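> So that you can map any letter, position 17 of the sequence shown is 17 in the UniProt record's numbering, and since no number is skipped, the others follow by simple counting.
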Amino acid sequence: MGWWKEEHFNASDADGDGRLNITEFNDFLHPADTNNPKLLLWLCKEEIRERDSDKDGKINFKEFFHGLFDLVRNYDEESHNSSTHEADNPEEAPAKFYSPTSTKM
Ligand SMILES: [Ca+2]
Ligand SMILES: [Ca+2]
1 MGWWKEEHFN ASDADGDGRL NITEFNDFLH PADTNNPKLL LWLCKEEIRE RDSDKDGKIN
61 FKEFFHGLFD LVRNYDEESH NSSTHEADNP EEAPAKFYSP TSTKM
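(1) DSSP on residue 23, reduced to helix/strand/coil?
(2) For a test of the three-state rule: what should DSSP assign to residue 12, helix, strand or coil?
(3) Classify residue 35 as helix, strand or coil using the three-state DSSP reduction.
(4) Cα separation between residue 68 and residue 51?
(5) Counting pairs of beta carbons, one from the segment 6–25 and one from the segment 41–48, are three or more of them closer than 8 Å?
(6) Would you call residue 39 buried or exposed, if buried means 16 or more other Cβ atoms sit within 10 Å of its Cβ?
(7) Any idea if residue 77 is buried or exposed, counting beta-carbon neighbours within 10 angstroms, 16 or more meaning buried?
(8) Would you identify the three-state DSSP class for residue 60, choosing helix, strand or coil?
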């Protein structure tokens with residue numbers, strides 16, 4: 001713990017003056033939205049580090065697949081209650097069926 005935070009700080013420091021101005025600090029907090037190539041590179045390394053379960057510094061397919069699976073699982077949980085699809089009312093359906101307007105002989 002610790003060294004990677006300094007790397008994060010240094011990557012956020014786009015002009016390299018050792019301090020974060022407002023833009024740089026915003027990038028520090030939201031690295032995914034940055035235009036700073038240094039910080040994007042850091043973010044990629046972080047993504048790899050998170051998924052790299054055998055610590056060889058690379059993502060193999062198994063690690064990639066597990067990352068993908070986590071993503072899909074999270075997506076499923078988020079979109080769970082958005083599936084409000086109008087279920088046919090079982091009490092209305094027969095009434096519709098027997099109504100005179102729907103009888104085509
Ligand atoms: Ca700076
Ligand atoms: Ca690996």
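Here a beta-carbon is modelled for each residue, glycine too, at the ideal position from N, C-alpha and C.
Remember, it's a predicted structure, so these values are computed and weren't measured experimentally.
Reading from the atomic positions:
(1) As a first step, residue 23 must be located in the sequence shown, where it is residue number 23. In this structure, residue 23 counts as helix in the three-state DSSP scheme.
(2) Residue 12 sits at position 12 when you count from the first residue of the sequence shown. Helix at residue 12.
(3) In the sequence shown, residue 35 corresponds to position 35, counting from 1. Three-state result, residue 35: coil.
(4) Sequence index remark: in the sequence shown, residue 68 carries index 68 (1-based). Sequence index remark: in the sequence shown, residue 51 carries index 51 (1-based). Looking at the two C-alpha atoms, the distance is approximately 10 Å.
(5) yes
(6) As a first step, residue 39 must be located in the sequence shown, where it is residue number 39. Buried, by the Cβ-count rule.
(7) Mapped onto the sequence shown, residue 77 falls at position 77. Flag for residue 77 reads exposed.
(8) For this step, residue 60 is matched to residue 60 along the sequence shown. The answer is coil: DSSP assigns residue 60 none of H, G, I, E or B.
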